[in-house]
Structure formats: structure tokens, C-alpha cells
Amino acid sequence: MAQVKLDIFRYDEAVDAVPHRDTVEIDVPITMTVLDALETAKAEVDGSISFRRSCRSAICGSCSMNINGVTGLACKTPCKSVMNDDGVIQIDPMPNFQPMKDLVVHMDPFWDKYTRLKPYLQPADRDEDHELERRVSPADMKKLVDAANCVMCATCYALCPVVSVDPSFAGPAAIAYAYRFIEDVRDGKRKERLAQINEDYLWLCAHCYACSYCPKHVDPHDRIVDVKRATIQEGVMMDHPGPRHALVVNRTIKKTGMLAETEVILGTVGRFNFRAQLKVAPLGLRMAVKGKMPPPFLKPIPKADEVRTIFESLEVPT
Amino acid sequence: MSSTLLPEEQATDSHRHSKSSEMRRYGFFPGCVAKESCKELFNSTMLLADKLGIELIELTAASCCGASVVNDTNRDIARVLNARTYAQAEALGLDDVITICSTCTGHMRAANMELLESEERMNQANSILGKFGAKYEGSVMVRHLLWLLIDDIGLDKLSSMVVRPLNGLRVAPFYGCHIIRPEKVNGWESARNPHSLEDIITAIGGEPIDYAGKTRCCGFHIQLEKDGVATSMVGQNMRIAKDRGAEAVITPCPLCHLALDGYQQDAAARWGRTDLPTFHLPQLVALALGVPAEKLGLNKHLIDPRTILVERELIA
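Structure representation (C-alpha cells):
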């Protein structure tokens with residue numbers, strides 16, 4: 303047995319103007335999870351402590367919370383791995399969400415992102431046209447399994463630094479789940495789904511890999527990249543900055559071997575989009591004053607033709 | 020015919036460099052930004068290498084690492100571009116490729132991992148490299164200068180070389196995502212609680228600031244995607260650093276540098292003024308090791324770091 307001091311965020315939106323913290327001391331077996339410790343605290347010390355939980359085994363996705371500043375499932379986190387030398391474990395609600403009561407948060411923005419992507423199969427043909435169920439080969443299903451493992455615990459959404467400053471971004475979970483339908487051979491709305499997820503700022507993913515801590519190993523970042531590739535393959539929304547950026551970067555590397563900064567900036571905002579250019583101009587000017595402007599044209603690297611050979615050998619015609 | 024891309028005299032025979040030899044030799048991959056808008060990073064890296072007595076042999080014919088963007092369109096191209104770079108290092112008898120950019124580090128390591136763990140991918144790469152007489156044998160290890168400082172030079176040695184200690188300058192470390200995450204690609208230190216930059220800051224006489232923003236994202240990759248988002252990510256992180264008492268920031272990544280140095284001014288509207296000067300990793304280390312400040316390109320920064328250095332009596 304060990305003594306654990308749960309330092310818990312307490313707040314009730316119905317009565318409290320500001321949150322406070324309570325410390326609850328309990329004796330627990332050393333193998334106990336943070337969720338079980340919370341259950342013990344609620345049963346034995348303070349019945350008013352609120353948190354979401356159901357399955358206790360990382361299947362339902364209910365108990366994601368912030369434990370010592372790290373967001374994850376309480377049912378998958380042993381106390382032993384997070385308590386400090388004094389036995390203290392700090393527990394807070396998931397960041398990027400509005401707290402409702404203690405560790406329970408308002409999940410609405412997260413569910414809204416799901417609802418928008420119509421998370422159900424929309425086949426192009428009618429059920430009546432099929433004598434049996436719609437068959438999917440094991441190879442086609444293999445592509446979907448990881449993404450379909452998502453338990454919607456919102457850990458990735460809570461960890462996402464883009465969501466933290468701009469909630470209009472769909473967030474990692476919704477994009478990974480969109481992938482699950484975009485790549486489903488039974489679905490008939492691939493282009494529409496791609497257009498929708500692009501509208502919801504697919505390209506705002508900053509490549510930071512904060513979502514690589516998915517407790518179910520969905521790897522949302524890799525699914526986001528898959529959806530970006532599908533976007534370009536299908537030629538969806540090609541007049542938007544995201545796809546334009548991807549294509550101009552490829553173009554300059556193919557041409558010079560290097561990522562030509564000046565050309566990439568102009569190509570991304572649009573060479574003739576003077577309004578957008580005006581917006582980046584002040585920073586450009588400040589850099590120019592300091593002699594920090596990238597060169598307008600780049601000299602190709604030695605043997606740049608080798609780089610061209612690599613591109614030409616691997617480019618998939620679209 | 021091997022694809023030897025530097026002057027013949029720089030190429031060695033089959034002898035691999037020895038880490039214990041007096042003059043350590045490393046393949047050096049500066050990346051695009053250190054050759055374009057952050058030339059001060061390239062120059063201060065070379066000055067630091069001189070001080071440390073190591074030889075950085077620039078892979079002058081190397082291409083861009085793909086910068087996460089080539090990956091967005093075609094993972095195979097990103098991987099083979101990097102295989103070409105590794106083949107160049109091998110042709111020079113070098114098995115280290117040293118980077119000075121977090122994004123280069125992460126993407127080059129990922130490409131290398133993909134090549135080394137799959138014969139099929141390695142064969143695909145070599146069938147294309149073969150068209151111009153190059154081959155990657157799989158001997159290269161991609162490391163960041165930050166790791167080299169700690170693994171090969173050592174913190175004690177570094178500390179003993181300091182001639183201009185930072186007088187307890189309060190410096191906030193800013194790692195940049197791709198040098199720590201994903202852990203399966205980098206794994207050199209804990210991605211959730213890294214401390215290599217803190218160790219360096221301490222070794223050169225500064226005081227590291229602990230703050231929640233140190234492992235977060237600078238937003239550089241999405242600056243042109245939607246107004247204000249990257250700016251706000253910078254503002255948020257710099258606000259926390261400033262509130263924790265930081266006087267300056269240090270980063271091993273020129274993309275983070277462009278973002279932190281460039282966007283703080285515009286972030287002030289939402290996050291309040293922070294104006295934290297940002298040092299490239301080799302700039303601050305070189306300064307402590309006695310490289311004259313005027314050689315480090317500090318005048319190129321938008322938020323002038325010389326002000327705080329003068330205030331703390333580190334430069335005249």
C-alpha cells in the first residue's frame with residue numbers, strides 16, 4: 303500500500319466564480335490506476351468529486367484528463383508512474399475545453415467537429431442492389447483499422463496547440479476519423495468529404511506531433527498527412543493556401559534542390575493575390591531592414607539534375 | 020563511379036573518422052533556412068565548430084530534407100531525397116550527418132528509419148540513386164548539433180571552455196517539435212520532459228527557465244495558412260516564458276527562430292508585449308566560449324538580443 307495525495311481541480315460552473323483545489327489523501331495498492339484512486343476518493347472521502355468514467359479499461363474513452371500536466375486516460379495511468387516523492391498527483395480537466403464540474407468538461411465543440419464530417423458510411427449505390435453485405439478485402443480494411451480504433455477520448459484534441467488558439471480547426475481526432483471514411487472503398491462521398499475537411503482547416507495542422515500520444519495508437523498526425531495526400535490526388539481545393547504551399551515547395555525543390563523561401567511565400571499566398579501579399583509585407587519589410595530577406599532567386603545545388611531524377615522516378619501522375 | 024560531390028582532396032579513403040581523434044570530422048547538413056534567411060545560424064555554427072576543434076564538412080550538394088511538406092504529397096520522394104544526402108556523406112567516409120534544424124532532424128531521422136527497417140524501401144531508393152551512380156549503404160546516423168555538444172564534447176568539457184559565463188542570464192529553452200517528437204523517431208531524450216537545452220544553458224553560466232511552452236509548437240509551418248494562428252501560438256508560449264521570468268530564448272531550430280523572432284510583435288495585440296530576444300543555439304554557446312559578439316550576426320535579429328547582453332554586462 304502507498305499513500306497518495308490527489309491534488310484535484312475543483313469547480314462547479316453553476317455556483318463557483320473561480321476554481322479551487324482540494325487535496326484528498328487515500329491509501330491505495332501501489333498498482334492502482336489514477337482512475338481507481340479517484341473512485342476510491344469519491345467512495346471513501348468526498349462523494350462530490352466529479353469525473354467521467356465507464357469501462358475502466360481504455361475502451362470507452364471517457365476518462366481523459368490532465369495528470370501532472372500530461373493529458374491521457376486515467377484508467378491507463380498507474381499512480382506509481384506519476385506520483386512524486388511526497389505521493390502527490392495533480393489532476394486537472396483536459397485543456398482546450400471549458401470545465402463544467404471538476405474534471406468533467408463541455409465536450410460539445412469536439413462532438414460538433416465529428417457531426418460535421420458525417421461519421422457514417424454513405425455508399426454511392428443502394429443497399430437493395432446488394433444480395434449480400436458490401437464486402438471489403440482484408441487489404442482494404444487494414445488501411446482503416448488504426449483510424450477506426452479511435453475511442454473519441456479527445457486526448458489529441460486537448461493536446462493540440464492549434465486548437466488552443468483557434469477552435470475553428472477540426473482537430474486531430476476528427477481528421478483521422480474523416481480518413482476512416484475517405485479511404486473506405488464502400489463510401490461514395492470521397493470528394494465531398496475531402497472538401498468538407500479542407501473547409502474545416504485540414505492544412506492548419508502544424509506538424510507538431512503533439513497528437514502522437516494517442517492512447518489507442520491511432521497516430522492522428524499520419525492520418526492527417528494521408529488526407530492531405532488524398533486532397534492533392536483528387537485535386538480538391540487546389541486554390542487554397544495549403545495545397546498551393548505543398549505544390550510550390552515541391553516545385554522549388556525539384557528545380558533547385560532547395561526550398562526557395564521567397565518563391566514559396568509568393569506561391570503560397572498567391573503570386574497575384576495582392577491583398578494576402580500586403581498582409582505578409584510588414585514582416586518581410588522588417589526582415590529586409592535587418593538584411594534577413596531570403597534571396598529572390600536561388601542558385602541550384604550542384605547536381606540538381608539528380609534531384610529532378612528522383613522526383614521524375616517517383617511522381618504519381620494526377 | 021561514386022557520387023562524390025566535394026573536391027577530391029576532402030574525400031577520405033575507406034577510413035572512417037574516429038570520435039577519439041584530435042580533429043573530429045562530421046558530415047554537416049545545414050538545411051535550407053540556414054543558407055537563406057538565417058545565415059547567421061550557419062556562420063555561428065562554423066565559428067562554434069572552430070572553437071570546439073571539430074570539423075564540419077558541409078554536404079554542399081545535399082538537397083532539402085523535404086521539410087514535412089514533400090511528405091504531405093509523396094513520402095517516397097522525401098525518403099529518397101534524404102537517401103541521396105546520406106549516400107553523399109558515405110562517399111566522403113562520414114557516418115555522421117549533423118543538423119542544425121529541428122525539422123531537418125526529425126524528417127531526416129524518419130526517412131533514415133524507414134530505409135533501415137525495410138529492405139524493400141532501401142532497394143527502391145538505391146534503384147533510383149543508381150541512375151546517377153550513387154548508393155546508400157545504410158551507415159549514416161543523423162544527429163543534431165545539440166546532441167553532439169552533449170554526447171561528443173560533454174557538458175563538463177563545454178563548461179570548462181567557457182570564458183564569458185552568462186552571469187545567470189535567465190534563458191527559456193524552446194526545443195521545436197521535430198527534435199523531440201515523435202519519440203519513436205527521435206528518442207534521444209524524453210519528449211515530455213527534455214532537459215538538454217537546460218543542461219547547455221547551465222553549462223555556459225545561464226539560468227534555465229522552466230515553463231510549459233518549451234516543448235510546444237511555434238506554428239511556423241502554418242504561418243501562411245490562416246491569419247493570426249501561428250502568431251498566436253508564438254504569443255502564447257512567449258507570454259508564459261516571460262511571466263516565468265525569462266530574459267531571452269534559445270532554440271536549436273531556425274524555423275522556430277523565424278517564428279519566435281518574427282511574430283512576437285504581431286502577437287502583442289492578443290498576448291501583450293513580450294519582446295524576448297531569441298538566440299540560435301550555437302550563437303549563445305559561441306558567445307560564452309569567447310567568439311566575438313559582432314561575428315555572430317546578432318544584428319540580424321528583429322528583436323535585438325544585444326540590448327539584454329549589454330544590460331547583463333556580457334558585451335560592451
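Protein chains in written order, with the working numbering: chain A, 303 to 620; chain B, 20 to 335. Each residue gets a CB set at the ideal place from its N, CA and C atoms; glycine is no exception. Note that the structure is a prediction, hence the values are computed from the model and not measured.
Can you give the Cα-Cα distance for valine 538/A and glycine 490/A, rounded to whole angstroms?
15 angstroms
Does the separation of the CB atoms of alanine 578/A and glycine 586/A fall below 8 angstroms? no
- Express the C-alpha separation of glutamate 332/B and glycine 389/A in angstroms, rounding to a whole number. 44 angstroms
| Which residues of chain A have a Cβ atom closer than 9 angstroms to the Cβ of glycine 206/B, listed in chain order? | Within 9 angstroms Cβ-Cβ: nothing; glycine 206/B doesn't reach chain A, min ~12 angstroms.
Exercise. Could you pull out every residue in the same chain whose Cβ sits closer than 8 angstroms to the Cβ of serine 40/B, ignoring the five residues on either side in sequence?
Key: Confidence in serine 40/B is poor, its pLDDT being 47 and thus under 50, which makes the residue's placement unreliable; the coordinate value appears in the next sentence. There are no such residues.
>> Counting only beta-carbon separations shorter than 8 angstroms, does serine 82/B have a partner in chain A?
In response: yes
| Of the residues that make up the stretch 314–325 of chain B, which ones have a beta carbon closer than 8 angstroms to any beta carbon in chain A? | Asn318, Lys319, His320, Leu321
Just to confirm before moving on: does the CB-CB distance between proline 596/A and glycine 559/A stay below 8 angstroms? no
Leaving out five residues before and five after glycine 157/B in sequence, what residues of the same chain have Cβ atoms less than 6 angstroms from its Cβ?
Leu135
Practice prompt. Kindly indicate which residue of Ala339/A, Glu563/A, Met443/A has the alpha-carbon position closest to the one of threonine 379/A.
Written response: Ala339/A
Cβ of glutamine 255/B less than 8 angstroms from any chain A Cβ? yes
- Query: Hey, quick one: how far does the alpha helix (DSSP H) through glutamate 327/A stretch, first residue to last?
  - Reply: Where glutamate 327/A is concerned, there is no enclosing alpha helix (DSSP H), although the beta strand (DSSP E) it sits in stretches over 322–330.
#### Entry: Closest by C-alpha distance to glycine 291/B, when choosing among Val253/B, Ile269/B, Cys84/B, Tyr45/B
Val253/B
If you run the structure through DSSP and keep just helix, strand and coil, what is isoleucine 119/B?
-> coil
Any beta carbon from chain B within less than 8 angstroms of alanine 480/A's own beta carbon?
no
When the Cα atoms are used, what is the spatial distance from valine 165/B to alanine 307/B? Just to set this straight, residue 165/B is leucine in the shown sequence, not valine. Whole-angstrom Cα-Cα distance: 15 angstroms.
### Query
Between threonine 92/B and chain A, is there a C-beta pair that is closer than 8 angstroms?
yes
*Which residues, in chain order, does the stretch 408–421 of chain A contribute to contact with chain B at a C-beta distance below 7 angstroms?*
none
Checklist entry - Taking 8 angstroms as the CB-CB limit, is asparagine 500/A close to chain B? => result no
Segments assigned beta strand (DSSP E), at least 3 residues, entirely inside the stretch 375–450 of chain A:
390–394, 401–403
Checklist entry - Applying a beta-carbon distance threshold of less than 9 angstroms, which residues of chain A neighbour alanine 260/B? => result In chain order: nothing, as chain A lies at least about 15 angstroms away.
Closest Cα partner of valine 161/B within the set Glu109/B, Val182/B, Val181/B: Glu109/B
Label arginine 211/B either buried or exposed according to how many other C-beta atoms from any shown protein chain fall within 10 Å of its C-beta, with 16 as the threshold for buried. exposed
Exposed or buried, isoleucine 119/B, counting other C-beta atoms within 10 Å across all chains shown (16 or more means buried)?
buried
(Q) Can you tell me which residues form a DSSP beta bridge with proline 543/A? (A) DSSP lists no partner for proline 543/A.
ask   = Can you name the residues of chain A whose CB is closer than 9 angstroms to the CB of lysine 163/B?
value = Strictly speaking, residue 163/B in this sequence is histidine, with lysine absent from that position. Near histidine 163/B there are no residues of chain A at all, since even the closest Cβ is about 16 angstroms away, more than 9 angstroms.
Q) Looking at chain A, which residues of the stretch 208–229 of chain B have a Cβ within less than 7 angstroms of any of its Cβ atoms? A) Arg211
I'd like the span of the beta strand (DSSP E) that includes aspartate 309/A, first residue to last.
304–312
Exercise for the section: Please classify phenylalanine 599/A: does DSSP put it in a helix, a strand, or coil? Expected result: coil
- Check whether the Cβ of cysteine 51/B lies closer than 8 angstroms to any Cβ atom in chain A. yes
Legend entry - Top-ranked residue by Cα proximity to valine 438/A, from Glu485/A, Val407/A, Asp404/A: Glu485/A
Worksheet item: On the three-pair Cβ rule with 8 angstroms, is the stretch 540–558 of chain A touching the stretch 127–143 of chain B?
Response: no
For histidine 519/A, which of helix, strand or coil comes out of DSSP? coil
Closer than 8 angstroms to chain A by CB, alanine 312/B: no
Since tyrosine 511/A meets chain B, which of its residues come closer than 7 angstroms, beta carbon to beta carbon? Cys196, Arg200, Pro201
inquiry  = In this structure, how does DSSP classify threonine 297/B when only helix, strand and coil are distinguished?
reply    = strand
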